[in-house]
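A short worksheet on the structure shown next.
Number of protein chains: 2
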Amino acid sequence: MEWILDKGRAICPQICEQVCKRIVTGEFKPGEKLLSVRVVAVKAGVNPNTVQKSFDILEQKGILFSQRGLGWFVSENIALAKSELATITRTITQDYFSKMKTLGMSPDEVKQYVLQWNES
Amino acid sequence: MEWILDKGRAICPQICEQVCKRIVTGEFKPGEKLLSVRVVAVKAGVNPNTVQKSFDILEQKGILFSQRGLGWFVSENIALAKSELATITRTITQDYFSKMKTLGMSPDEVKQYVLQWNES
DNA sequence: CAAGCTGTACTACTTCACTAATACAATAAT
DNA sequence: ATTATTGTATTAGTGAAGTAGTACAGCTTG
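Top to bottom, those sequences are chains C and R. When we follow the numbering used here, the leftmost residue of the first sequence carries the number 1, and every step to the right adds one. When we follow the numbering used here, the leftmost residue of the second sequence carries the number 1, and every step to the right adds one.
If you want it as structure tokens, here you go:
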């Protein structure tokens, strides 16, 4: 369970994204217990409160749930994570097109530009 | 000269981008005098200091230059703005691919996803 | 029961980007 | 020369995001 976070972006949403992704890819299974807030915080090199906040958000969306004294668990309803991930993907792409538009690129030009992209 | 800025992103780089774009598209011509820092600030609904900072950055890159008591002017060397805009475009795209990768999408999958995108 | 895990809550501190206000310097127009 | 407009500089304040530290509550295991 590696946590590669991009400093410079807000950490909270990144953790949310990562959890959703791992659920969708099957790395986290329904009902599975996650590592504790503190442990994740250390592994990710982040403050426990930030992890807590992220998990709270995911709980509100029904993707995770917590049991006091026990830990955090993956919800049985994977569809929620799947849908959330799709929304995130969409939002990020929307933002990308929006930014490129302010630089004077039409959607079609953006598509062409992306197509010829090669590099990681 | 409209200034549509996306709150939520840092304003400084957005102003820099916009100026570069306008130079490249020919809206701002070499040697042309820009509106004053204060006027731009009002038009963009932003603080004059932020505009000043942005222009300073562009001056450092040789894209703009200032004359005390006179105003800000577009440099004769448009290639600099062109190159800067290309760099920005590239960086934004790089970031986009990077974000999508953390969501589990390979570059090829990203390309497919972008291709079928329709919406502004 | 006691110890050691958990989640939860709260307050204070730091940093960054931007805002706000003011003052000063240089140029042009009158 | 005076006035207005410009760039420039400085200081202080604000809000968001994250850090840091501490404390409390509930569950499990020995």
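Think of the CB as a built atom: it goes at the ideal place given N, C-alpha and C, for glycine as much as any other residue.
Contact between the stretch 60-68 of chain C and the stretch 92-108 of chain C is not established, with fewer than three Cβ pairs separated by less than 8 Å. Taking C-beta separations shorter than 7 Å and ignoring five residues to either side along the sequence, the partners of E84 (chain R) in its chain run C20, K61 and I63, following chain order. Contact residues of the stretch 98-117 of chain C toward chain R are S98, K99, M100, K101, T102, L103, G104, M105, P107, V110, K111, Y113, V114, L115 and W117 (C-beta to C-beta distance below 8 Å). CA-CA distance, M105 (chain R) to Y96 (chain R), rounds to 11 Å.
Using a CB distance below 7 Å, the part of the stretch 79-93 of chain R facing chain C consists of L85, I88, T89, I92 and T93, ordered along the chain. Within the same chain, and ignoring the five residues on either side of T25 (chain R) in sequence, no residue has its Cβ closer than 7 Å to its Cβ. The DSSP-derived three-state label of S66 (chain C) is strand. In the structure shown, F73 (chain R) falls within a strand segment according to DSSP collapsed to helix, strand and coil.
Interface with chain R (9 Å Cβ-Cβ cutoff): T50 (chain C) is excluded. The Cβ atoms of T50 (chain C) and Y113 (chain R) do not sit closer than 9 Å to each other.
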